[in-house]
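Accompanying notes for the structure given below.
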Amino acid sequence: MKNWLRKVMAGRYGVDHLSNALITLSIILLLLSAIFKLSILNTGAMVILALSYFRIFSRNINKRYQENMKFLNFWNPIKGKWFSFKNRIKQSKTHKFFKCPSCEKQLRVPKGKGKIKISCPNCHTKFEARS
Ligand SMILES: [Zn+2]
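Numbered per this note's numbering, the sequence shown spans residues 683 to 813.
As structure tokens, then:
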């Protein structure tokens, strides 16, 4: 079975981040089409699923790699923002967040220390704030 799969996939591109994202998107569309009884979403899900399988079995590895890189250039900043947002929520009980008044870098100080002097590690601007 494994050998058979290896033979089929020989010289083909395989699964990458973009095809995983496309498969996830088509599953979401299928669920939405089931909930809202919209057949257009079902059709869209099938088209996206077909596209992701086309990419997985494609022999044009270079072009698929370029597509994946474009996708990651678009997706990674969004993912990074989401993770920093989640982190900030997690740390909001123990830390307070400030923006440096001159370089706008985000700064984090421990909560409950009263009025403190904050020195920006990026541009060395000093300012006072209540933590
Ligand atoms: Zn600064």
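Heads up, the beta-carbon is just placed ideally off N, CA and C, and yes, glycines get one too. Note that the structure is predicted; figures quoted are calculated from it, not measured.
query                                                                                               : result
L707 at chain B interface by Cβ criterion, 7 Å                                                      : Reference to chain B is not applicable here, since this structure consists of a single protein chain.
Distance cut-off 6 Å: S801 Cβ against heavy atoms of ligand 1                                       : no
Nearest-angstrom Cα separation, counted from S721 out to D698                                       : 28 Å
For P792, the first and last residue of its enclosing beta strand (DSSP E)                          : 788-792
Sufficient close CB pairs (3 or more, under 8 Å) joining the segment 761-777 to the segment 736-743 : no
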